[in-house]
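Colleague: Here it is, the structure, as structure tokens.
Protein chains in written order, with this note's numbering: chain B, 459 to 791; chain G, 459 to 791.
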């Protein structure tokens with residue numbers, strides 16, 4: 459099959475995490491990524507994006523990289539124009555204080571309208587972490603739907619991706635909107651609910667933002683993937699955190715799922731009798747949305763069991779210690 | 459005021475945790491406790507209970523101790539009779555696999571009916587961890603209400619305590635039943651929701667079973683305490699866990715709140731303008747339910763700020779590092 463696109467990944471920018479995060483992309487079967495800008499300092503300009511891509515290349519990234527910029531209260535329409543002209547495909551907006559490095563996030567979405575206007579004009583994709591600041595954690599995504607609908611109504615040609623959706627209501631809303639509005643779904647949100655995170659024992663390596671939700675939400679996410687709806691495509695939201703950042707008194711949000719990305723998805727799709735939906739979900743719908751050519755690199759998913767590593771360079775991957783039913787083999791390697 | 463009763467506490471039985479757990483009781487202003495039986499091995503018989511009380515005394519416990527036995531599939535009506543005759547006030551039932559040391563818990567409540575019959579006959583209190591095994595974590599308590607109602611209907615004279623309630627529905631159900639059915643409420647469930655546990659960062663020291671729920675549940679718990687309803691009284695569910703048991707890949711459930719129990723509750727009740735409800739909640743309603751004389755020992759809550767310790771003998775107390783507005787002084791010490 460075509461190698462995977464990962465249209466939502468965190469690679470960070472430090473020597474303890476980024477090298478493994480880069481290796482994990484290839485290990486998990488992805489040939490192209492869209493990398494998130496919430497590094498420290500953030501990727502805020504075209505120049506930042508250019509330098510970040512070079513930094514990742516220098517560390518040995520063997521995949522195609524699309525950068526993004528972080529939209530903050532300091533972002534101007536002029537910055538959007540310059541960044542779009544430099545070839546950056548998307549700007550990512552975080553709600554204030556909701557996730558990692560979001561202290562400069564957005565509280566008042568309306569204040570961003572001039573920025574959205576510029577993005578619409580220059581056909582830059584608005585990438586949204588769709589949670590309302592200060593809302594109760596189980597409701598924050600659902601409450602964001604009103605804002606999503608308002609943005610779409612005011613900027614009907616603006617292409618929007620609602621990232622890492624976790625709820626039935628988000629599925630329903632995105633499905634109801636024209637093809638300019640899409641959503642990404644992570645690996646783990648196809649597999650877990652809050653019960654897996656905090657049902658009996660607390661599992662920090664499954665803790666992420668948005669938090670996994672209820673069984674009916676899990677069912678809705680799997681149902682839309684099974685349907686093969688082209689507005690829903692794969693973005694892992696993979697986030698490398700060192701064990702000490704997860705197993706501590708204030709654990710960071712993020713699941714490190716990229717190392718076994720396609721191994722896990724193939725297993726999950728096979729278990730759920732929807733393997734025919736895998737390639738469109740991981741390697742076609744997203745590229746089509748972003749107007750990119752499909753990957754030419756190929757992988758083979760071999761039906762051969764593997765045990766997921768307990769640890770990779772100080773980080774615990776999703777499904778650590780468990781058995782997956784497929785391995786990834788690169789055709790060109 | 460009268461010193462506090464804590465009608466639901468875990469003191470465990472190991473040298474690394476129990477000594478501090480014992481000290482914490484007095485530190486937090488309690489003169490009498492009902493100690494839970496889910497030690498390893500469990501307290502299952504009158505003899506176990508007697509030995510456990512002696513163990514706690516030998517470690518220096520300076521408070522009145524009421525023991526409980528653990529009800530399992532192995533408990534017989536004869537054991538209930540013997541235990542009740544030995545003066546054990548309550549038997550605690552855990553659902554299978556839902557919390558710490560519950561692998562021998564109960565799946566089929568109806569199979570326990572002969573045991574309940576004996577408890578009703580010998581006026582032994584049925585203490586329930588009210589969650590349905592395998593139910594989604596946010597629904598498990600609500601789904602247990604049907605079982606509670608069935609038990610009460612079949613054993614209308616059996617005294618029942620629904621322990622550490624976390625939901626509005628549990629408040630409503632217990633309120634609707636006669637005075638033979640009561641509930642305990644923990645310190646932390648008067649103060650936190652799931653958002654505090656997993657809203658932005660993951661907080662293992664706030665993770666407990668039942669998991670803290672939604673804002674409307676928090677409001678209902680505080681409202682019933684403010685109402686001064688005699689069927690709702692204090693039980694901390696304080697559970698000592700070493701840092702390594704909490705800050706790890708599979709964290710244990712339990713909040714260690716006993717060391718600052720009355721310091722916290724006084725602060726919370728004062729902040730919410732219901733200080734007049736404190737003494738009945740902590741020192742009267744529970745004793746009345748269990749038919750015990752009220753405490754004669756007294757404490758003074760001094761309006762003097764304290765900072766909660768970050769750590770006590772390798773364990774992190776509830777509200778660690780925060781400021782509370784009251785200190786506890788023993789009148790007789």
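For every residue, glycine included, the Cβ atom is placed at its ideal position computed from N, Cα and C.
Treat the numbers as computed from the prediction; the structure is a model and nothing was measured.
Select from 590/G, 753/G and 606/G the residue whose C-alpha is nearest the C-alpha of residue 554/G.
Modeller: 590/G
Colleague: Report the partner residues of residue 550/B according to the DSSP bridge assignment.
Modeller: 528/B and 585/B
Colleague: Does the beta carbon of residue 773/B sit closer than 9 Å to a beta carbon anywhere in chain G?
Modeller: By this cut-off, residue 773/B is not an interface position.
Colleague: Between which two residues does the beta strand (DSSP E) holding residue 785/G run?
Modeller: 785-788
Colleague: Whole angstroms is fine: what's the gap from residue 667/G's alpha carbon to residue 720/G's?
Modeller: 21 Å
Colleague: Is any beta-carbon of chain B found at less than 9 Å from that of residue 707/G?
Modeller: yes
Colleague: Judging by CA-CA distance, which residue of 486/G, 490/G, 784/G and 472/G is the nearest neighbour of residue 750/G?
Modeller: 490/G
Colleague: Going by beta carbon distance, what residues of the same chain come within less than 7 Å of residue 766/G, once the five residues before and after it are set aside?
Modeller: The answer, listed in chain order, is 718, 775, 777, 778, 779, 780 and 782.
Colleague: Can you tell me the Cα-Cα spacing of residue 679/G and residue 563/G, whole angstroms?
Modeller: 27 Å
Colleague: Tell me the residue span of the alpha helix (DSSP H) that contains residue 606/B.
Modeller: Unbroken alpha helix (DSSP H) run through residue 606/B: 598-612.
Colleague: Here's the rule: buried if 16 or more other CB atoms are within 10 angstroms of the residue's CB, otherwise exposed. What is residue 696/B?
Modeller: buried
Colleague: Going along the stretch 647-666 of chain G in order, which residues come within less than 8 Å of chain B, judged by CB to CB distance?
Modeller: If the cut-off is 8 Å between Cβ atoms, the stretch 647-666 of chain G has 651, 652, 653, 655, 656, 657, 658, 659, 660, 661, 662, 663 and 665 near chain B.
Colleague: Give a yes or no on whether 9 Å exceeds the smallest Cβ distance from residue 595/G to chain B.
Modeller: yes
Colleague: Is DSSP giving residue 769/B helix, strand or coil here?
Modeller: coil
Colleague: Taking C-beta to C-beta, are residue 542/B and residue 580/B nearer than 9 Å?
Modeller: If you check the CB distance, residue 542/B and residue 580/B come in under 9 Å.
Colleague: Among 556/B, 546/B and 593/B, whose alpha-carbon lies nearest the alpha-carbon of residue 584/B?
Modeller: 546/B
Colleague: Helix, strand or coil for residue 685/G, going by three-state DSSP, please let me know.
Modeller: Here residue 685/G sits in helix by DSSP.
Colleague: Could you tell me which chain B residues have their CB closer than 8 Å to the CB of residue 555/G, listed as they occur along the chain?
Modeller: 658
Colleague: Can you name, in chain order, every residue of its own chain whose Cβ lies under 7 Å from the Cβ of residue 478/G, other than the five neighbours on each side?
Modeller: Within the same chain, residue 478/G has close Cβ partners 698, 770, 771 and 773.
Colleague: Can you name, in chain order, every residue of its own chain whose Cβ lies under 8 Å from the Cβ of residue 484/B, other than the five neighbours on each side?
Modeller: Cβ within range, chain order: 520, 521 and 788.
Colleague: Using a Cβ distance threshold of 8 Å, determine whether the stretch 702-709 of chain G contacts the stretch 642-657 of chain G, with at least three qualifying pairs required.
Modeller: no
Colleague: Rounded to whole angstroms, what is the Cα-Cα separation between residue 670/B and residue 661/B?
Modeller: 12 Å
Colleague: Determine the extent of the beta strand (DSSP E) in which residue 463/G is found, giving its start and end residues.
Modeller: Taken as a continuous stretch (DSSP letters only), the beta strand (DSSP E) holding residue 463/G covers 462-467.
Colleague: Less than 7 Å between C-beta atoms, sequence neighbours within five positions excluded: which residues of the same chain meet that for residue 687/B?
Modeller: 633
Colleague: Based on the DSSP output, what are the partners of residue 492/B in its beta bridges?
Modeller: 524/B
Colleague: Are residue 620/G and residue 628/G close, meaning C-beta to C-beta below 9 Å?
Modeller: yes
Colleague: Quick one: what does DSSP say residue 638/G is sitting in, helix, strand or coil?
Modeller: coil
Colleague: Under the assumption that residue 642/B contacts residue 708/B (Cβ atoms under 8 Å), give the Cβ distance between them as a whole number of angstroms.
Modeller: The pair is not a contact, with the Cβ atoms about 27 Å apart (cut-off 8 Å).
Colleague: Given residue 501/B, which residues of its chain have a CB within under 8 Å of its CB, disregarding the five upstream and five downstream residues?
Modeller: Within the same chain, Cβ atoms closer than 8 Å to the Cβ of residue 501/B are found at 495, 507, 510, 525, 526, 527 and 528, the five residues on either side in sequence being excluded.
Colleague: Alpha carbon to alpha carbon, how far is residue 626/B from residue 595/B?
Modeller: 15 Å
Colleague: When every heavy atom of the ligand ADP is checked, does at least one fall within less than 8 Å of the C-beta of residue 562/G?
Modeller: The ligand ADP is absent from the structure shown, which contains no ligands of any kind.
Colleague: With DSSP run on the structure shown, which of helix, strand or coil describes residue 691/B?
Modeller: strand
Colleague: If we count the other Cβ atoms within 10 Å of its Cβ and call it buried at 16 or more, is residue 473/B buried or exposed?
Modeller: exposed
Colleague: Taking Cβ to Cβ, would you say residue 723/G is nearer than 9 Å to residue 664/G?
Modeller: No; because the gap between Cβ atoms is not below 9 Å, this pair is not in contact.
Colleague: Of all the CB atoms in chain B, is at least one closer than 9 Å to the CB of residue 700/G?
Modeller: no
Colleague: Taking the Cβ atom as the reference point for each residue, do residue 716/G and residue 635/G lie within a distance shorter than 9 Å?
Modeller: No, the Cβ-Cβ distance between residue 716/G and residue 635/G is not below 9 Å.
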